[in-house]
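Asker: Note that the working numbering has the first sequence beginning at 190, numbered continuously upward.
Glycine included, each C-beta is placed from N, C-alpha and C at the ideal position.
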Amino acid sequence: MPELNAHLERAFYERPTIDVARDLLGQILVSETPQGRTAGRIVETEAYRGADDPASHAARLRTGRVEAMWGEPGIAYVYRSYGIHAMLNVVTEPLGTTGAVLIRALAPLVGVDLMRIRRGLGEERLLCSGPGKLCQALAIGLDLHSTDLVTSERLWITPGASPRDVSLSGRIGISRGQDHPWRYWITGNPHVSAHRRAQSSAE
DNA sequence: ACCTGGATCTTCT
DNA sequence: GAAGATCCAGGTA
190 MPELNAHLER AFYERPTIDV ARDLLGQILV SETPQGRTAG RIVETEAYRG
240 ADDPASHAAR LRTGRVEAMW GEPGIAYVYR SYGIHAMLNV VTEPLGTTGA
290 VLIRALAPLV GVDLMRIRRG LGEERLLCSG PGKLCQALAI GLDLHSTDLV
340 TSERLWITPG ASPRDVSLSG RIGISRGQDH PWRYWITGNP HVSAHRRAQS
390 SAE
C-alpha cells in the first residue's frame with residue numbers, strides 16, 4: 190500500500206471546477222478516525238459551479254453552509270440530502286468565487302472491513318458506489334463541513350495514479366442544468382454509482 | 001408556523 | 001418500478 194499521508198495542495202483546488210472534477214479521478218480520499226483508517230480511489234465526480242449553473246446550490250443561496258462555496262479552495266462542503274445522506278463536495282476556484290466538486294464514488298482501498306461494518310454490507314462493489322454510500326463508509330458527516338482538506342489529519346486527498354480513460358455525461362439526480370456534461374468517471378470502473386443513467390453517453 | 005422540494009439508497013413487488 | 005425514510009432551508013402566512 191502506498192503512503193497516503195501526503196495532501197494535495199491548495200493550488201490543485203484553486204482552478205476551474207471542470208478541471209478539478211476531471212483531475213480528481215484516480216486520487217485517493219482518506220478518512221482517519223479512532224476506529225481506523227478508510228480510503229478509496231475516486232472513480233466518479235460531478236462539477237457544480239455558481240450563478241451560471243442552475244443545479245448548483247450557489248445559484249440560489251448564499252446562506253448557512255452554502256456560504257462555503259465562496260470560501261477557500263480545498264475545504265469540504267458537506268450537506269444532507271433527502272434527509273438521510275451526507276454528500277461530500279470539495280470547494281474549488283479562488284476565494285470569493287463559487288465552485289465545488291461532488292465526490293460520487295470510490296473504489297475501496299484501505300479499511301474495507303471497517304467500511305463493511307459501517308455500511309452493514311459485505312459486497313465490496315456496493316460499499317462506496319454512490320455519494321451517500323461513500324460518506325457512510327468513510328464516516329463523513331455534517332460535522333466535517335468546512336474541514337480544510339489541505340491541512341486536516343481527519344479527512345484529506347492524497348495523490349494517486351491517473352486513470353487511463355475518462356468518460357463524461359450529464360449530471361445525475363437533478364432536474365435543472367443536465368445539459369452540461371459535467372459528470373466524470375473512470376471508464377469501465379465497476380465502482381461507479383449504479384444509477385440507471387450511469388451507462389449513458391460515454392465520452 | 002406550515003409547506004415543499006430535494007446533487008439518495010434500500011427494500012419491497 | 002415505486003415508495004419510504006427523514007433533515008434542512010426558503011418561501012409564504
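Under the rule that 16 or more other beta-carbon atoms within 10 Å means buried, what is Gln325, buried or exposed?
Answerer: With 16 or more other Cβ atoms within 10 Å, it is buried.
Asker: Could you name the residues of the same chain whose beta carbon sits closer than 7 angstroms to that of Glu221, not counting the 5 residues immediately before and after it, in chain order?
Answerer: Glu342 and Arg343
Asker: CB-CB under 7 angstroms to Ser390, same chain, minus the five flanking residues each way: which ones, in chain order?
Answerer: No answer about Ser390 holds up, because its pLDDT of 41 lies below 50 and its placement is not dependable.
Asker: Taking Gly395 as the reference, which of Arg254, Glu192 and Gly225 has the closest Cα?
Answerer: Residue 395 is absent from the model: the chain starts at 190 and stops at 392.
Asker: Quick check on Glu312: buried or exposed, where buried means 16 or more other Cβ atoms within 10 Å of its Cβ?
Answerer: exposed
Asker: Rounding to the nearest angstrom, what Cα-Cα distance links Asp241 and Thr281 in this structure?
Answerer: 15 angstroms
Asker: Identify the continuous beta strand (DSSP E) that holds Gly229 and give its terminal residues.
Answerer: Judged by DSSP secondary structure, Gly229 falls within the beta strand (DSSP E) whose first and last residues are Gly225 to Tyr237.
Asker: Taking C-alpha atoms, which residue in Met276, His246, Ala289 and Leu315 lies nearest to Ser364?
Answerer: His246
Asker: Roughly how many whole angstroms lie between the Cα atoms of Pro297 and Val209?
Answerer: So the alpha carbons of these two residues sit roughly 21 angstroms apart.
Asker: For Ala387, which residues from the same chain have a beta carbon less than 7 angstroms from its beta carbon, with the 5 sequence-adjacent residues on both sides left out?
Answerer: Unreliable positioning characterises Ala387 in this predicted model, as indicated by a pLDDT of 46, which lies under 50. The coordinate reading is nonetheless provided below. Once the five neighbours on either side are set aside, the close Cβ partners of Ala387 are Val381.
Asker: Using the Cβ count rule (16 or more neighbours within 10 Å means buried), how would you classify Ile329?
Answerer: buried
Asker: Relative to the alpha-carbon of Ser270, which residue among Leu291, Ala257 and Glu256 has its alpha-carbon at the smallest distance?
Answerer: Leu291
Asker: Rounded to whole angstroms, what is the Cα-Cα separation between Ala248 and Arg238?
Answerer: 8 angstroms
Asker: Which one or two residues does DSSP pair with Arg307 in a beta bridge?
Answerer: DSSP lists no partner for Arg307.
Asker: From the DSSP output, in three-state form, read off Trp371 for me.
Answerer: Shown here, Trp371 sits in coil according to DSSP, grouped into three states, outside any helix or strand.
Asker: Let me know the secondary structure DSSP gives Arg199 once reduced to three states.
Answerer: helix
Asker: Are Glu235 and Trp371 touching if we call contact CB-CB under 8 angstroms?
Answerer: yes
Asker: Could you tell me which residues DSSP pairs with Leu218 in its beta bridges?
Answerer: Gly229 and Ile346
Asker: If I follow the unbroken beta strand (DSSP E) through Arg249, where does it start and stop?
Answerer: Run containing Arg249: none; DSSP gives neither H nor E here.
Asker: Are Ala294 and Asn278 close, meaning C-beta to C-beta below 8 angstroms?
Answerer: no
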